[in-house]
Ligand SMILES: Nc1nc2c(ncn2[C@@H]2O[C@H](COP(=O)(O)OP(=O)(O)OP(=O)(O)O)[C@@H](O)[C@H]2O)c(=O)[nH]1
Ligand SMILES: [Mg+2]
């Protein structure tokens with residue numbers, strides 16, 4: 130849940146990259162770090178890994194100042210995707226203001242995507258998140274690989290889902306920013322309602338997305 134610190138005139142927003150093991154959550158964050166304007170981005174922090182695998186979380190800090198002077202700070206986390214780390218996943222997911230689900234497009238990963246999405250749907254209410262209002266976007270990553278589900282197949286499988294779908298290759302950098310901007314757009318709607326970002330802080334939806342995510 131976003132926290133407004135009135136003394137420091139600072140709003141802190143938590144975003145979480147969720148998904149199965151090796152789907153490319155850490156790679157998405159690394160790419161974002163490279164793509165976003167350096168003056169507003171901090172160093173990416175990676176806490177414990179075993180080779181490629183995240184064992185605890187990664188954290189990318191990001192921030193900008195609204196016209197009113199309010200400092201908007203983002204903390205962008207990845208969860209560890211491996212099934213065994215469910216306790217850590219719940220802890221990282223807790224108090225999220227928005228979630229990006231990173232699926233792996235490879236055909237042989239469809240089951241893992243499904244179980245990880247079910248795990249998100251189960252864990253969100255356990256940590257007090259309301260799935261009906263939680264900003265959520267879905268990215269199918271690894272579009273550069275050969276044996277992947279086609280966009281048509283994925284859109285057909287997800288046709289009843291209310292969340293926007295994106296196609297990306299985090300390795301090559303495509304689709305990473307579009308996914309992030311869509312999440313920002315959805316997050317703004319919730320926060321504006323709560324903190325009157327437009328009314329009190331002179332921060333429009335478009336300005337919020339552009340300031341944090343830049344133009345794709
Ligand atoms: N070909 C290809 N490989 C990718 C892509 N994104 C990530 N990878 C590779 O997939 C492997 C796993 O990527 P990570 O970003 O570490 O995956 P993760 O989701 O953070 O995995 P966990 O931390 O175990 O949950 C690495 O070898 C990446 O280089 C992509 O778009 N295309
Ligand atoms: Mg990782």
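Residue numbers (my numbering): 130 to 345. Even for Gly, the Cβ is constructed at its ideal location relative to N, Cα and C.
| Query | Result |
| --- | --- |
| Flag residue 133 as yes when its Cβ comes closer than 7 Å to any non-hydrogen atom of ligand 1, and as no otherwise. | no |
| Below 8 Å, how does it come out for the segment 202-221 and the segment 140-150: are there three or more Cβ pairs, yes or no? | yes |
| Note down the Cα distance separating residue 195 from residue 135, rounded to an integer number of angstroms. | 14 Å |
| Under 8 Å, with one C-beta from each stretch per pair, do the segment 248-259 and the segment 166-186 reach the 3-pair mark? | no |
| Put residue 138 into one of helix, strand or coil per three-state DSSP. | coil |
| Let me know the alpha helix (DSSP H) ranges lying completely inside the segment 153-211, each 4 residues or longer, listed in chain order. | 154-164 |
| Check residue 259 in the structure and name its three-state DSSP category. | coil |
| With a Cβ-Cβ cutoff of 8 Å, do residue 161 and residue 309 count as a contact? | yes |
| Would DSSP call residue 265 helix, strand or coil? | strand |
| Within the continuous alpha helix (DSSP H) that includes residue 283, where are the two ends? | 280-286 |
| Could you say if the segment 226-244 and the segment 150-159 meet the contact criterion of at least three C-beta pairs nearer than 8 Å? | yes |
| Thinking C-beta only, is residue 191 closer than 8 Å to residue 341? | yes |
| Mark residue 335 as exposed unless 16 or more other C-beta atoms lie within 10 angstroms of its C-beta, in which case mark it buried. | exposed |
| Quick one: is residue 157 buried, meaning 16 or more other Cβ sit within 10 Å of its Cβ, or exposed? | buried |
| Please confirm whether residue 148 and residue 232 have their CB atoms less than 8 Å apart. | yes |
| Rounded to the nearest angstrom, how far is the Cβ of residue 131 from that of residue 247, given a contact under 8 Å? | The pair is not a contact, with the Cβ atoms about 27 Å apart (cut-off 8 Å). |
| Please tell me whether, using a cut-off of 7 Å, the distance from the CB of residue 308 to the nearest non-hydrogen atom of ligand 1 is below it. | no |
| Taking Cβ positions, are residue 315 and residue 343 nearer each other than 8 Å? | no |
| For residue 320 and residue 326, what's the separation of their Cα atoms in angstroms? | 7 Å |
| Take residue 287 and list the residues in its own chain whose beta-carbon comes closer than 8 Å to its own, dropping the five residues that flank it on each side. | 267, 294 |
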